[in-house]
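2 protein chains.
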Amino acid sequence: MIITEEERDAVYKTIFSRRDVRGQFKPDPIPEDVLRRVLQAAHHAPSVGYSQPWDFVVVKSPEVKQRIKDGFNAAHAEAELMFEEGKQGTYRSLKLEGIMESPVGVCITCDSTRNGPVVIGRTAVPEMDQYSSVCAVQNFWLAARAENLGVGWVSIIHNDVLKKALNIPDHIIPIAYLCLGYVSFFHEKPELEKAGWLPRENLDDLIHYDQWKA
Amino acid sequence: MIITEEERDAVYKTIFSRRDVRGQFKPDPIPEDVLRRVLQAAHHAPSVGYSQPWDFVVVKSPEVKQRIKDGFNAAHAEAELMFEEGKQGTYRSLKLEGIMESPVGVCITCDSTRNGPVVIGRTAVPEMDQYSSVCAVQNFWLAARAENLGVGWVSIIHNDVLKKALNIPDHIIPIAYLCLGYVSFFHEKPELEKAGWLPRENLDDLIHYDQWKA
């Protein structure tokens, strides 16, 4: 199956305009068929040995969202103290999540026991099943962007708190809690770049040829 | 920036027709501007706290490829013995890599010290920087597919062997070694599904609402 140049450019447009959304969520509901397409895209991520280790916990209940938000608040307060004093104020001023404002949350997880115990391609690198679930996250994110939906990855929460909030069994690893919703706008650049927190790295500095450059 | 329905469908076409390629690589060289676009797409992945922890080692030297291939061969022989006897024959018969046949290999890595030591969003989940590099892998993969290039992820190799082959410093974690090249064709379905190794999971079984279902 050939991808045309126009189709290719649509993929690049989606990749380059994807953002981590925190402050621009609108409450508008997401139609079920749209959410389904996004989850279907996530389910078509690559997985090690075709193990498909992901599950998707779709969160709409305000009570459940509040538990996630409480977990974020606790981890956020802890985090602030880890930054050097000069950066604590900036850190505090950043809006880092849209848990309550986004209409849907989706937790993507990893079940290392699925289709195991020996999985093709996981024999030398045990993290490969978690990496597979991360590929599902990125498919989800790009499919959402293609649907003009914003996604924000909430990583400032401890896994045990997230598991308790969603009743996730012990042997399952949460990989990402994603806020999903329509947005008032997408920022032109990543917010942390815009805020002067960090610049974009120069791609040439990151490319090595045949051997790592010193 | 609005994504149109046509553009959205191009993204889905790319996501659903992406494959892990092992046996269909053609030796045709990849133009530098095409490779650059694919790397640029990888570089525009989301990263925790905008840390951009990835590097890209582009491998074209046959000698370096041979070292990777030797590493694969050793890890592959080890792996075979881990499967139950009934599956060892099938495992052996599967073609699992195209290291020598693909014109370019790209190792995507993770540098946890970049833009650190404290990174926004990594304070509760230390794996977040590795997950960022995996997002770069999936952007790379989809951009490549949009360029009608095949990608195969070689995970059957030990990280220390890969690091030695590419002279990667101690503190850098290899995330993926990817074979890249034009292909004779893309399989309609994942090869492990086609070979009857495993079926595709039913998406409905993987979706939970508000709480994990028992």
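These protein sequence lines are chains A and B, in that order. For the first sequence, position 147 matches number 147 in the numbering used here, and the numbering has no gaps at all. One rule links them: number in the numbering used here = place in the second sequence (from 1) + 1000. Idealized CB from N, CA, C, for every residue including glycine. Here the structure is a predicted model, which means the values were calculated and not measured.
8 Å Cβ shell around residue i - same chain, five flanking residues per side excluded
| i | result |
| --- | --- |
| Gln1219 (chain B) | Within the shown structure, residues of chain B are numbered from 1001 to 1214, placing residue 1219 (chain B) beyond reach of any answer. |
| Leu162 (chain A) | Ile68, Gly71, Cys107, Ile168, Pro174 and Tyr177 |
| Arg1037 (chain B) | Ala1143 and Glu1147 |
| Ala1165 (chain B) | Val1064, Arg1067, Ile1068 and Gly1071 |
| His171 (chain A) | Asp111, Ser112 and Thr113 |
Identity of the residue in the options nearest residue i by Cα
| i | options | result |
| --- | --- | --- |
| Gln1211 (chain B) | A:Pro53, A:Ile68 and A:Pro31 | A:Ile68 |
| Glu78 (chain A) | B:Thr1123, B:Val1058 and B:Glu1006 | B:Thr1123 |
| Ser1061 (chain B) | B:Ser1184, B:Ile1099 and B:Leu1039 | B:Ile1099 |
| Leu39 (chain A) | A:Glu5, A:Ala144 and A:Glu84 | A:Ala144 |
| Glu1201 (chain B) | A:Ala214, A:Ser17, A:Asn115 and A:Pro29 | A:Asn115 |
| Lys1112 (chain B) | B:Val1011, B:Val1125 and B:Gly1105 | For the sequence presented, residue 1112 (chain B) should be read as Ser rather than Lys. Selected option, being the one with the closest Cα: B:Val1125. |
| Val1021 (chain B) | B:Leu1192, B:Pro1199, B:Tyr1209 and B:Trp1197 | B:Leu1192 |
| Ile3 (chain A) | B:Glu1007, B:Lys1095 and B:Met1001 | B:Glu1007 |
| Ser93 (chain A) | A:Glu188, A:Glu80 and A:Met1 | A:Glu80 |
| Pro1027 (chain B) | B:Leu1203, B:Lys1194, B:Tyr1182 and B:Glu1188 | B:Tyr1182 |
| Lys1194 (chain B) | B:Arg1019, B:Met1001 and B:Gln1088 | B:Arg1019 |
| Pro31 (chain A) | A:Pro103, A:Thr90 and A:Val57 | A:Pro103 |
| Tyr1209 (chain B) | A:Glu127, A:Val57, A:Lys189 and A:Pro190 | A:Val57 |
| Ile1157 (chain B) | A:Ala214, A:Ile157 and A:Glu127 | A:Glu127 |
| Val1118 (chain B) | A:Pro117, A:Tyr12, A:Val118 and A:Leu198 | A:Leu198 |
| Ser1047 (chain B) | A:Ser47, A:Ser155 and A:Glu5 | A:Ser155 |
Between the CA atoms of residue j and residue i - distance to the nearest angstrom
| i | j | result |
| --- | --- | --- |
| Asn1159 (chain B) | Ile1015 (chain B) | 28 Å |
| Leu1149 (chain B) | Leu1180 (chain B) | 7 Å |
| Ile1207 (chain B) | Asp55 (chain A) | 6 Å |
| His43 (chain A) | Ser51 (chain A) | 11 Å |
| Pro169 (chain A) | Trp141 (chain A) | 25 Å |
| Ile120 (chain A) | Gly49 (chain A) | 4 Å |
| Ala1146 (chain B) | Met82 (chain A) | 41 Å |
| Asp205 (chain A) | Gly1086 (chain B) | 48 Å |
| Ser1017 (chain B) | Trp1153 (chain B) | 16 Å |
| Ser184 (chain A) | Asn73 (chain A) | 25 Å |
| Glu1188 (chain B) | Leu1203 (chain B) | 19 Å |
| Met1001 (chain B) | Tyr12 (chain A) | 13 Å |
| Val1213 (chain B) | Pro190 (chain A) | In the sequence on display, residue 1213 (chain B) carries Lys and not Val. Distance between the alpha carbons of Lys1213 (chain B) and Pro190 (chain A): 36 Å. |
| Glu1097 (chain B) | Glu1005 (chain B) | 36 Å |
| Gly196 (chain A) | Val151 (chain A) | 22 Å |
Supposed contact pair residue j and residue i - C-beta distance, whole angstroms, cut 8 Å
| i | j | result |
| --- | --- | --- |
| Glu101 (chain A) | Phe25 (chain A) | 4 Å |
| Ala1010 (chain B) | Ala75 (chain A) | Actually they do not touch by this definition, with Cβ atoms about 38 Å apart. |
| Val59 (chain A) | Gly105 (chain A) | 4 Å |
Per-residue DSSP class, three states only, for residue i
| i | result |
| --- | --- |
| His1171 (chain B) | coil |
| Gly89 (chain A) | helix |
| Gly181 (chain A) | strand |
| Gly1071 (chain B) | helix |
| Ile15 (chain A) | helix |
| Trp197 (chain A) | coil |
| Val21 (chain A) | coil |
| Phe83 (chain A) | coil |
| His43 (chain A) | helix |
| Gln66 (chain A) | helix |
| Leu1096 (chain B) | coil |
| Trp1153 (chain B) | strand |
| Asp111 (chain A) | strand |
| Val1038 (chain B) | helix |
| Val106 (chain A) | strand |
| Val118 (chain A) | coil |
| Gln1138 (chain B) | helix |
| His1158 (chain B) | coil |
| Val59 (chain A) | strand |
| Gln1130 (chain B) | helix |
| Ala1144 (chain B) | helix |
6 Å Cβ shell around residue i - same chain, five flanking residues per side excluded
| i | result |
| --- | --- |
| Cys1110 (chain B) | Pro1053, Asp1129, Gln1130, Ser1133, Ile1173 and Ile1175 |
| Ala261 (chain A) | Because chain A here runs from 1 to 214, residue 261 (chain A) falls outside it and cannot be looked at. |
| Leu88 (chain A) | Reading off the sequence, residue 88 (chain A) comes out as Gln, not Leu. Correct list, in chain order: Glu80. |
Spatial neighbours of residue i in its chain, beta-carbon cut-off 7 Å, leaving aside the 5 residues before and after
| i | result |
| --- | --- |
| Lys1095 (chain B) | Arg1022 and Gly1023 |
| Tyr1091 (chain B) | Glu1080 and Phe1083 |
| Pro1029 (chain B) | Pro1103 |
Any non-hydrogen atom of the ligand FAD within 7 Å of residue i CB
| i | result |
| --- | --- |
| Ser1102 (chain B) | Among the components modelled here there is no ligand, and therefore nothing to report on the ligand FAD. |
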